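A.B. asks:
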Amino acid sequence: MSPLGWCLVLGALHVEVLVPTMADAVRAAEHAVTAAGAAASGHLSIDVRADRAVLRLRSRDAGTVTRRDLQLASDISHALSGRGYEMTVNSGVVQAFEIAIDALDIAAVRPFWQAITDYVDHTVSDGVDDPDCLDASELHLGLVDPFGRGPAIWFQQMDAPRPQRNRIHLDIDLPHDAAQARIDAALAAGGTLLYDGRAPAFWVLADPEGNEACICTWQGRD
């Protein structure tokens with residue numbers, strides 16, 4: 001979590017603004033949009049709930065977080081805190097889901113999933129090598145909901161057939177300081193830790209019948 005109170009989850013900055021009513025959440029959203037100014041449309045998305053507004057920053061043209069997003073996070077945080085709003089990432093709302101599909105021939109299976117979901121290509125700008133781009137998403141071969149509603153789908157290269165285990169699993173992306181608690185909860189619910197060799201980037205767990213899921217964070221990645 002940054003000193004501003006935002007956290008990085010799956011290539012975007014997130015923060016929750018806690019409020020007593022939905023009307024207050026709408027007002028908080030309005031203050032955030034005003035603070036972002038003309039950049040709001042290209043960077044900011046907001047989910048308004050009955051007791052909070054969940055803010056998300058990501059540069060749409062770059063497909064990732066840039067230094068501009070960090071500046072916007074600072075501007076929005078100061079605008080909201082100056083009006084007495086409480087901001088947090090610790091209530092459990094901030095997380096992102098991905099569906100991971102293991103495939104021998106990604107080029108062959110990817111069109112099916114794009115057609116059946118009506119998703120669009122996830123693109124990362126050619127500018128990801130620019131120093132202003134802080135985090136290049138691993139979804140460069142993936143598919144995303146054009147309206148930002150459903151989980152992203154990404155494809156993991158297999159090097160050999162694997163008929164005895166499932167080839168689709170969930171990735172649950174969390175703030176790095178929330179990962180261990182979620183792992184502990186999964187283990188307490190009957191899960192098994194299968195692999196932690198790439199932690200803290202991800203841990204692989206399975207339910208009692210062997211169906212797999214990964215807990216993922218932004219840490220420990222190239």
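Position 180 of the sequence shown, counted from 1, bears residue number 180 in the UniProt record's numbering, the numbering being contiguous throughout. Here a beta-carbon is modelled for each residue, glycine too, at the ideal position from N, C-alpha and C. Just so it is clear, the structure is predicted and the values come from calculations on it, not from any experiment.
Under the three-state reduction of DSSP, which class applies to Arg67: helix, strand or coil?
C.D. replies: Working through the sequence shown from its first residue, we reach residue 67 at position 67. Helix at Arg67.
A.B. asks: Where does Val19 land, buried or exposed, given buried means 16+ other C-beta within 10 angstroms?
C.D. replies: As a position in the sequence shown, residue 19 is number 19, starting the count at 1. By the neighbour-count rule (16 or more Cβ atoms within 10 Å), Val19 is buried.
A.B. asks: Pull the bridge partners of Trp203 from the DSSP assignment, please.
C.D. replies: Locating residue 203 in the sequence shown gives position 203, counting from the first residue. Answer is Ile215, bridged to Trp203.
A.B. asks: Given a cut-off of 7 Å, decide if His31 and Leu70 are closer than it, judged by their beta-carbon atoms.
C.D. replies: The residue labelled residue 70 in the question sits at position 70 within the sequence shown. The residue labelled residue 31 in the question sits at position 31 within the sequence shown. Going by C-beta atoms, Leu70 is not nearer than 7 Å to His31.
A.B. asks: So what's Arg52 in DSSP terms, helix, strand or just coil?
C.D. replies: Looking up residue 52 in the sequence shown gives position 52. Looking at Arg52 - three-state DSSP - the assignment turns out to be strand.
A.B. asks: Take the Cβ of Thr21 as the centre, count every other Cβ of all protein chains shown within 10 Å, and call the residue buried at 16 or more, exposed below.
C.D. replies: As a first step, residue 21 must be located in the sequence shown, where it is residue number 21. Result: exposed.
A.B. asks: My output table needs one value for residue 239: the three-state DSSP class, helix, strand or coil.
C.D. replies: Given that the chain is displayed from residue 1 to residue 222, the structure contains no residue 239 and the question cannot be resolved.
A.B. asks: Taking all protein chains shown into account, decide if Pro151 is buried (16 or more other Cβ within 10 angstroms of its Cβ) or exposed.
C.D. replies: Here residue 151 is taken as the residue at index 151 of the sequence shown, counted from 1. It counts as buried.
A.B. asks: Spell out the partners DSSP gives Ala100 in its beta bridges.
C.D. replies: Taking the sequence shown and counting its residues from 1, one reaches residue 100 at position 100. Paired residue(s): Trp154, His169.
A.B. asks: Give the range of the alpha helix (DSSP H) segment to which Ala12 is assigned.
C.D. replies: Here the question's residue 12 lines up with position 12 in the sequence shown. Looking at the DSSP string, Ala12 is not in any alpha helix (DSSP H); the run it does join, the beta strand (DSSP E), is 12-18.
A.B. asks: Rounded to whole angstroms, how far is the Cβ of Ser45 from the Cβ of Gly148, which I believe are closer than 8 Å?
C.D. replies: Locating residue 45 in the sequence shown gives position 45, counting from the first residue. Locating residue 148 in the sequence shown gives position 148, counting from the first residue. Confirmed, Cβ separation roughly 6 Å.
A.B. asks: Can you name, in chain order, every residue of its own chain whose Cβ lies under 6 Å from the Cβ of Ala35, other than the five neighbours on each side?
C.D. replies: Taking the first residue of the sequence shown as 1, we reach residue 35 at position 35. Excluding sequence neighbours, Ala35 sits near Asp75, Ile76, Ala79.
A.B. asks: Tell me the rounded alpha-carbon separation between Ala201 and Pro175.
C.D. replies: Taking the first residue of the sequence shown as position 1, residue 201 is located at position 201. Taking the first residue of the sequence shown as position 1, residue 175 is located at position 175. For Ala201 and Pro175, the distance between alpha carbons rounds to 11 Å.
A.B. asks: Provide the residue span of the beta strand (DSSP E) that contains residue 223, from first to last.
C.D. replies: A query on residue 223 cannot be resolved here, the shown segment of the chain reaching from 1 to 222 and no further.
A.B. asks: Rounded to the nearest angstrom, how far is the Cβ of Val33 from that of Ala40, given a contact under 8 Å?
C.D. replies: Position 33 of the sequence shown, counted from the start, is the residue given in the question as residue 33. Position 40 of the sequence shown, counted from the start, is the residue given in the question as residue 40. Indeed, because the Cβ distance is near 5 Å, the residues count as touching under 8 Å.
A.B. asks: On the DSSP bridge assignment, give the partners of Val120 in chain order.
C.D. replies: Sequence index remark: in the sequence shown, residue 120 carries index 120 (1-based). Answer by DSSP bridge pairing, in chain order: Val144.
A.B. asks: Report the rounded CA-to-CA distance for Gln114 versus Val144, giving the unit in angstroms.
C.D. replies: Translated into positions along the sequence shown, residue 114 becomes position 114. Translated into positions along the sequence shown, residue 144 becomes position 144. Between Gln114 and Val144, the C-alpha separation is close to 9 Å.
A.B. asks: Among the residues of its own chain, which have a CB less than 7 Å from the CB of Val26, if the five just before and after it don't count?
C.D. replies: By 1-based counting over the sequence shown, the position of residue 26 is 26. If we look at Val26 and ignore the five residues flanking it on each side, its Cβ neighbours are Val48.
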